[in-house]
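Chains A and B, in that order, give the protein sequences. Heads up, the first sequence is in my numbering, so the first residue is 1 and it goes up one at a time. Heads up, the second sequence is in my numbering, so the first residue is 501 and it goes up one at a time. Heads up, the beta-carbon is just placed ideally off N, CA and C, and yes, glycines get one too. Model, not experiment: these values are computed from the prediction.
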Amino acid sequence: MNKLKLNYTSLSFLPILVCIPLGYQLINNIHFGGFKLFQEFLISAFNPKIDNEIIITVIKRLNETILIGFFSWLVSIIFGAIFGIISSNIFYKIFNIPNFFYRIIRFFLTIIRSIHEVVWGIILMQIYGINFSIGIIAICIPSIAVNSKVFAEQLETIDYKNFESINQINAPKFSSLLTILWNPIINTFKNFGLYRLECSIRSTVILGLFGIGGIGTSIFLSFQTLNFRELWTYLWSLAILIILSGLIFKKIKFNTTNKILSIFFITVFFITILFSFSYFFYFIFHNNFENFNSVSSLFKSSSDLGLFDYLKLILETIILSLLSTGIAISLPPLVIAIFNNNTSKIFIKIFAFLLRLIPTPVILLTLLTFNNPSLSLAALTLGLHNAGITSKLLFTNLESQDRRNYIAMKSLGISKKTSWLFGLFSQQAKSYLAYCAYRSDIIIRETAIVGVIGSVGLGWQLQESLSSFAWQEVTMVLIAYSSIAIVGELINGKIKNSLT
Amino acid sequence: MNNTVLELENISYKYKNVLILNKINLKINSGEKIALLGKSGSGKTTLISVLNGTIKPTQGEVKLFNESFEELDRKQKSKITTIWQDLRLIEDLSAEQNVNCGLLAENNFYFAFKNLLNISSFKKAHKYMKLCRLHNSIYDKKIRKLSGGQKQRVAIARSLIQESNILLADEPFNNLDPKLITTIKNLLLENVDKNKTKKSPKTALVALHRLDLLNDFDKVIGIRDGKIFFNIKRNNLKKIHLEKIY
C-alpha cells in the first residue's frame, strides 16, 4: 500500500477535520429559544433604522471611532517602525552591537504583543477609569509591538550583500542605516499600512464594546436592547468607513520621489513623535493614580484559582486556538472550491466581508441565540471571523496569479473544480499556509475576547478576576496568556520558516 | 619607488569548515594594475572581500598603508572602493541616487537624507555616469528597470565617484558589449595611469576571466583553491602558468 504523503494543498484542507468534534458539540448544544431573534437579526440587515436622530449618533460615534482608530494607527505605525528597526538584525550588524540586546528587545516586544488590546484596555480601565485616551493607549501598546514585528521581518529580507556594499563605502553609520532601510520601510508602510489601519478601526470597535466609546459602544448597547435595526445602521456605517478609508489610502500615491509629499510625511512623523511624548508625560503627571494603588495589592490579594482549574483554563484556551485556527485555514479554500463560480464568489466575498466587519463578540452573541455557550461555539465564532480575513488574502492572491496552468488543465477536459484546485490553488497553498501561521498568532491573542463573552478559557477568568480586583489571579492569567502566545509564536515561526 | 598600500599576511579564511583562502601572502604596491585570474570558485571574490574589509579573515592580518585594517578609522578605510561582481545596487533607488551613494562617506547624514528624498545635487553623479557612457534618459530610472549592462555601468560609476586610492573590481566587464568593455577598461585603468604622477597614486586589482583583456595590466596573480599559484609581471605570463590555475 502506498504511504500517505501530505503536500501544501492537502495541508490546507486537512484542518477542516476540527469540524467533527466541533459540530458534535454544537448540535448537542442547540436550542430553539432564540431562533426568532436570530431571524430578526438577519432581516434587520436589509432594513436598518434611518432617521435624523440615529444619523447624528452615527456621525458622533464614527467621529470618535475615527479619532481613536486613526491616532492609534498613526502612533503605532511610527513607533512600530522605530521598534522594528531596533529589533531587526540589520541594525545590530550596522552598529556592531552584540545580538544579546536584539534578543532582549524582541522578547520584551513578544510579551507586549501576546496580550490583546482588549485585555490592555480592561486593565487600564480598571486603573484609570473610562477615558477616551485609554482607548488609544490600549490599542497602541500591542499594535506597536505587532507593527514592529512586521517591520522587523521586512527589514530582515534586505539582501545582506547590499548592506555590505554600502558599509564598504565607509559612510557614517546613520547614513548607511538610512540608505539601506528607507525603501523597505516605505514599502512596508505601503503594503501593510492600510491593513493596519483597518485593524486599528476594528480594535477601536471591539474596545467600544467594553465601554471605551465610539461606534462599538453603540453596537453593544443596541445589541443589549435587542434593537437590531439600529445595530445594522451602525454596522453598515462602519462598513462604509472601512471601505472609504481603503479607497482614500489607495488614492494616496506614496511616491518617495515626490518632494512635497515626502516632506509632509516626515513632518507628520516628527510631530507624531513629539505629540506622543508630550501626551505621555501629560498623562503621567495629570492623572489620578488612586486606582493604581490597587496594583500594589498585586501580591497581597489572595487567589481562589486552584491549580487544576488554572490548568483546565489553559488547556481550554489552547484547544480554542487550535479549533479556530483549523476553521480559519480550511474553510475559505473549501468553500471557494465547492462553490466555484462567479456568482457564488461574489456572495462568498460579501459574507467574508461581513464576518470581518461584525465584531467577534457580536457574532458570538448572535450565535448564542440558538446555541448554549461552549468552547465549540467560541471556536466557531473566532474561526469564522478569521476565515473572513484569510479568505480576503486568498481571493487577492488568487486573482493576481498567473492562470495559464488553470486554463491548460481546463483545456484538457479536466473539471473546473479540479483545475482550480491543481492549477490555481496548489500554487498559492504554500504562501497561504505561511500567512495562516501568522494568523494563528493573532487567533491565540483573540481568544481573550471570545473568552470574556463566551465563558471559555482564560479570557473569562480574566474578566472575573478583574471584576473582583483579584490581582494575583489577573497576574496568573496574564502570565499564562503570554506563555501560550509566546510558545505559539515560536511554533508558528518555525512552521512559517519551513514554508517560506 | 614602490610603496605597499595593501598587504595580506598569512591570510586564511574558513566558511562552514571549508577553507576558502589558504595562507595567502600578498603585497600590492601603489600605482600597480593587477589582474586576478582564477576559475570560478577559486577564491577571487573572497580575496577581494578580505582586501576591502567586508570579510574578517579567520587567520592573518590585512594592512592598509602599513597599518592594521582593524585599527583604521572610517575615513582611512574609505580609500578603498569596490565594484562587486553581483553589483549590489539598491533596486528601489534610481540610477543617480545609487551613484550618489558613493558620496556617503565624504558627506554627513543630511546628504543621505536628501539623496533619498531626491533633493540632493546630482551634478557629480551625472559627470561619472556620463563617463560610463550612461545616457541621461536613464539617470532617474529605478535600478530594477535597467538592463544588465546599464546596471553594471551604474555600479562602476558609483565606485568611481568615490575617487578612492585603491580600486578593487570583481569581474567588472560582465554584461558589457565589446565596445563598452574597451571604454570601461580604459576608464578604470586610465584613472590609475593618470594619477601615477600624483602623491597618492591609484592602484587597481581586477578579477578577470577573459585573458584577452590582460594587455593593460602590469602584474598578474593566479589563484586556485584559495592559494596564490603565481604573482608575476604580465610580460612573464606563460601558458604553463595558466595551466596551473585552469
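A Cβ-Cβ contact shorter than 9 angstroms links A625 of chain B with Y639 of chain B. Under a criterion of Cβ atoms nearer than 7 angstroms, no residue of chain A is adjacent to I656 of chain B; the nearest Cβ is some 13 angstroms distant. Secondary structure of T65 of chain A (DSSP, three-state): helix. At a Cβ-Cβ threshold of 9 angstroms, T581 of chain B and L668 of chain B count as neighbours.
Here the alpha carbon of F469 of chain A sits roughly 18 angstroms from the alpha carbon of G451 of chain A. The contact set of D592 of chain B on chain A, defined by CB atoms closer than 9 angstroms, consists of W182, N183, P184, I186, N187 and T256 in chain order.
Cα atoms of T381 of chain A and T188 of chain A: separation of roughly 30 angstroms, rounded to the nearest angstrom.
A Cβ-Cβ separation of about 18 angstroms leaves K630 of chain B out of contact with I643 of chain B under the 8 angstroms criterion. Inter-residue distance for K739 of chain B and F730 of chain B is about 12 angstroms (C-alpha atoms, whole angstroms). In this chain, the beta strand (DSSP E) harbouring D670 of chain B covers I666 to D670.
The C-beta of L155 of chain A comes no closer than 9 angstroms to any C-beta of chain B. Neighbours of C632 of chain B in chain A, taken as residues whose beta carbon is under 9 angstroms from its own, are absent, since the nearest beta carbon is some 17 angstroms off.
Within a 10 Å sphere around the beta-carbon of V268 of chain A sit fewer than 16 other beta-carbons, which makes this residue exposed. When DSSP reads this structure, E561 of chain B sits in a beta bridge with B:E509.
Residue-level contact check: Q662 of chain B touches chain A, since one or more beta carbons of chain A fall below 9 angstroms from its beta carbon.
In the three-state scheme derived from DSSP, where H, G and I count as helix and E and B as strand, A448 of chain A is classed as helix.
Annotation: L519 of chain B is outside any alpha helix (DSSP H); the continuous beta strand (DSSP E) that includes it extends over V518 to N529.
Secondary structure at F609 of chain B: helix, using DSSP grouped into helix, strand and coil. Taken atom to atom, the span from the alpha-carbon of L177 of chain A to that of S262 of chain A is near 18 angstroms. For G543 of chain B, no pairing in a beta bridge is given by DSSP. Nearest Cα to L547 of chain B within the set B:I619, B:R653 and B:I511: B:I511. By the beta-carbon neighbour count (other beta carbons within 10 angstroms, threshold 16), L394 of chain A is buried. Within the stretch 596-626 of chain B, the residues whose Cβ lies closer than 8 angstroms to any Cβ of chain A are, in chain order, C601, G602, L604, A605, N607, N608, F609, F611, A612, F613, N615, L616, L617, N618 and I619. Looking at B:L537, B:S530, B:N517 and B:R653, the one whose alpha-carbon comes closest to that of L714 of chain B is B:L537. One Cα belongs to M476 of chain A, the other to I54 of chain A, and the distance between them is close to 43 angstroms. Around K579 of chain B, the same chain offers L564, F565, S664, N665 and I666 as residues with beta carbons nearer than 8 angstroms, after the five sequence neighbours per side are excluded. Shown here, S594 of chain B sits in a strand according to DSSP, grouped into three states. DSSP places Y195 of chain A in the helix class (H, G or I) of the three-state scheme. Spanning the alpha carbons of T204 of chain A and G69 of chain A requires a straight line of approximately 6 angstroms. Straight-line spacing of the CA atoms in F422 of chain A and L67 of chain A works out to 46 angstroms.
Shown here, L617 of chain B sits in coil according to DSSP, grouped into three states, outside any helix or strand.
Within the same chain, and ignoring the five residues on either side of T65 of chain A in sequence, the residues whose Cβ sits closer than 6 angstroms to its Cβ are T204, G214 and I215. The continuous stretches of alpha helix (DSSP H) do not include T581 of chain B, which lies in the beta strand (DSSP E) extending over residues I580 to I583. Secondary structure of R588 of chain B (DSSP, three-state): coil. For the stretch 85-138 of chain A, the full-length alpha helix (DSSP H) segments reaching 4 residues or more read 89-95, 99-114 and 117-128 along the chain.
Close to chain A, meaning a Cβ-Cβ distance shorter than 8 angstroms, is no residue of the stretch 696-725 of chain B at all.
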